[in-house]
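Beneath this line is the structure, given in structure tokens, with notes to follow.
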Amino acid sequence: MSTISRHAYADMFGPTVGDRLRLADTGLMIEIEKDYTLAAGGYGEEVKFGGGKTIRDGMAQSQRTRAEGTVDTVMTNAVLVDHWGIVKADIGLKG
17 MSTISRHAYA DMFGPTVGDR LRLADTGLMI EIEKDYTLAA GGYGEEVKFG GGKTIRDGMA
77 QSQRTRAEGT VDTVMTNAVL VDHWGIVKAD IGLKG
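Residue numbering for the sequence shown follows this note's numbering, beginning at 17 and increasing consecutively.
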């Protein structure tokens with residue numbers, strides 16, 4: 017089984033559970049409590065977008081139409097800070 021350091025993982029895929037990051041130019045630090053991007057299969061199943069990256073046709077993409085309920089825009093690897101916690105997730109926009 018291959019492994020990479022936490023630092024290399026964060027550089028490639030962003031922070032995950034237990035990682036701390038500074039909020040913009042403040043002295044405030046937050047820690048990721050849950051990573052919903054891992055729900056599709058856990059570590060090792062991440063997708064990289066862009067030319068020459070790991071994503072291929074049909075991967076991380078729905079083959080359904082908008083009429084069938086798919087979202088219009090997806091923002092990946094967002095860090096959300098709310099009263100229910102600090103999480104990393106993908107956000108879908110529809111409408």
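C-beta: ideal position from N, C-alpha, C; glycine also.
All of these numbers come straight from a predicted model, not from anything done at the bench.
Is the beta carbon of residue i less than 8 Å from the beta carbon of residue j?
{"i": "P31", "j": "K104", "result": "yes"}
{"i": "D106", "j": "T89", "result": "no"}
{"i": "G34", "j": "E47", "result": "yes"}
{"i": "R36", "j": "L44", "result": "no"}
{"i": "E49", "j": "G101", "result": "yes"}
Could you tell me the boundaries of the beta strand (DSSP E) in which residue i lies?
{"i": "R80", "result": "Note, R80: premise wrong, no beta strand (DSSP E); not H, not E."}
{"i": "T116", "result": "This structure cannot settle anything about residue 116, because the visible part of the chain is limited to 17 through 111."}
According to DSSP, is residue i part of a helix, a strand, or is it coil?
{"i": "E84", "result": "helix"}
{"i": "T53", "result": "helix"}
{"i": "Y25", "result": "helix"}
From the DSSP output, read off the bridge partner residues of residue i.
{"i": "L39", "result": "Its beta-bridge partners do not exist; DSSP assigns none."}
{"i": "K110", "result": "BP columns for K110 are empty, so no partner."}
{"i": "M45", "result": "R38"}
{"i": "A105", "result": "A94"}
Assess, as a yes-or-no matter, whether the segment 22-36 is touched by the segment 80-89 under the definition of 3 or more beta carbon pairs within less than 8 Å. These segments do not touch.
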